[in-house]
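These notes are about the structure you will find just below.
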Ligand code: SAM
Ligand code: SF4
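In my numbering, the protein residues as written are 448 to 775.
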């Protein structure tokens, strides 16, 4: 290995890898996945945990510091705890986080923490049981607040909650979510819906612009700009209500761009490195790894193709895959 950091043609150094460990999910969120599911990848095409660790071990000497496990729903892949344990042992890896719908956190939060997981982002689009079922389209007897408390009790920190705001579906719960931050050290981030994948037509009508979300947040109490949680802030703007232990934030992929400071790349479940969530540019690491070829030239090839900004900004939304397929 050269010891040189991985920098793309626009001077952005890459230290953050999002790893999709599965394309499958126990939910079928209306904006993410069709009710019938997607054509799932055959098992032989999915990276084994050993292969994921081998890729991370080759990227770490080039500057990779932070990892997020995502999917699909990562907690439905068996033995996720063992993957976290193996990633923790890779020298140079400083931070491991997990994106999850939270269903399995009551039993998994503590073992994951013990294995070396640092923190979580939990998706929660409603606090009401009937609405959770209506959005997720699976009835799994799940209470998001119980899962969040399990994560907190296990020592995972910071705890971030991602709420996709859907007009006419859950936009009246913005205040309820925001009020959680007054009682708990949780960081609630409201995400502007992205019309992607097969659900484009369905989702456009539900987009709630961030300005409107901020209005609803201001009607709860005065919003004071804040630095947000200490680690991994990424593309969110944060605020805090006076005296609150948690913060509220907004993520605005549709109306603003973060591309200039983007420091992340993605590894799909079938071992392709994607340098932009919305681009089509992918480099196949899996086949090279299975053939015993070195990966560094492929990392560099991938970064050379990292676009300056994402296709959504140019409104070229035609070819986008669902976020569950690219590890959103
Ligand atoms: N299953 C995990 C979860 O739900 O957190 C991880 C994967 S999920 C694809 C990652 C994130 O993408 C979730 O926070 C989800 O809400 C978000 N997401 C999926 N489709 C989206 C869309 N069309 N617009 C905005 N966010 C979306
Ligand atoms: Fe599953 Fe997450 Fe997509 Fe919902 S957003 S369907 S939980 S992958």
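Just so you know, even glycine gets a beta-carbon here, dropped at the ideal spot from N, CA and C.
The beta-carbon separation of residue 628 and residue 691, rounded to 5 Å, stays under the 8 Å limit for a contact. Restricting attention to 743, 474, 480, 737, the CA atom closest to the CA of residue 650 is found in 480.
Beta-bridge analysis with DSSP links residue 715 to no other residue. Annotated as proximal: residue 735 and residue 745, with beta-carbon spacing under 9 Å.
For residue 642, the secondary structure class from DSSP, reduced to helix, strand or coil, is coil. Within the same chain, 580 come within 7 Å of residue 586 by CB-CB distance, once the 5 residues on both sides are set aside. Nearest to residue 517 by alpha-carbon distance, out of 505, 641, 549, 666, is 549. The residues 528, 531, 532, 535, in chain order, have a CB closer than 7 Å to that of residue 562 in the same chain once the five nearest residues on each side in sequence are set aside. Per the coordinates, the alpha-carbon of residue 631 lies some 13 Å from the alpha-carbon of residue 593.
Burial state of residue 601 is buried, judged by a 10 Å Cβ sphere holding 16 or more other Cβ atoms.
Bounds of the beta strand (DSSP E) holding residue 673 are 671–673. Put simply, the backbone Cα of residue 543 is about 11 Å away from that of residue 568. In this structure, the straight-line span from the alpha carbon of residue 558 to that of residue 502 is close to 24 Å. Residue 495 sits exposed, since fewer than 16 C-beta atoms from the chains shown fall within 10 Å of its C-beta. For a cut-off of 8 Å, the C-beta gap from residue 476 to residue 583 is around 6 Å, short enough to register as a contact. One alpha carbon belongs to residue 687, the other to residue 729, and they sit about 39 Å apart. Counted as a single uninterrupted DSSP element, the beta strand (DSSP E) harbouring residue 547 occupies residues 542–547. The residues 635, 664, 667, 695, in chain order, have a CB closer than 7 Å to that of residue 625 in the same chain once the five nearest residues on each side in sequence are set aside. Note: residue 624 is not bridge-paired with any residue in the DSSP secondary-structure output.
Considering only 504, 519, 521, the residue with the shortest C-alpha distance to residue 539 is 504. One thing to note: residue 522 has its Cβ no nearer than 9 Å to the Cβ of residue 488. When distances are taken from the beta-carbon of residue 484 to the heavy atoms of the ligand SAM, even the shortest one reaches 8 Å or more. Between the beta-carbon of residue 655 and that of residue 618 there is about 5 Å, and that keeps the pair under the 8 Å contact cut. Following the DSSP letters along the chain, one finds residue 504 inside the alpha helix (DSSP H) bounded by residues 496–506.
Contiguous beta strand (DSSP E) elements confined to the segment 544–624 occur at 566–570, 606–612, taking only those with 3 or more residues. Relative to the ligand SF4, residue 568 has its C-beta separated by 8 Å or more from all heavy atoms.
Taking non-hydrogen atoms of the ligand SF4 into account, the C-beta of residue 548 is found less than 8 Å away from one of them. When secondary structure is reduced to three states using DSSP, residue 531 falls in the helix class. Across the structure, residue 513 and residue 607 are spaced so that their CA atoms are roughly 16 Å apart.
For residue 463, the distance from the CB to the nearest heavy atom of the ligand SAM is not below 8 Å.
Distance between residue 590 and residue 599, taken at the CA atoms: about 15 Å.
Annotation: residue 575 to residue 739 spans about 50 Å, alpha carbon to alpha carbon.
Residue 685 has 673, 696 as its beta-bridge partners, per DSSP.
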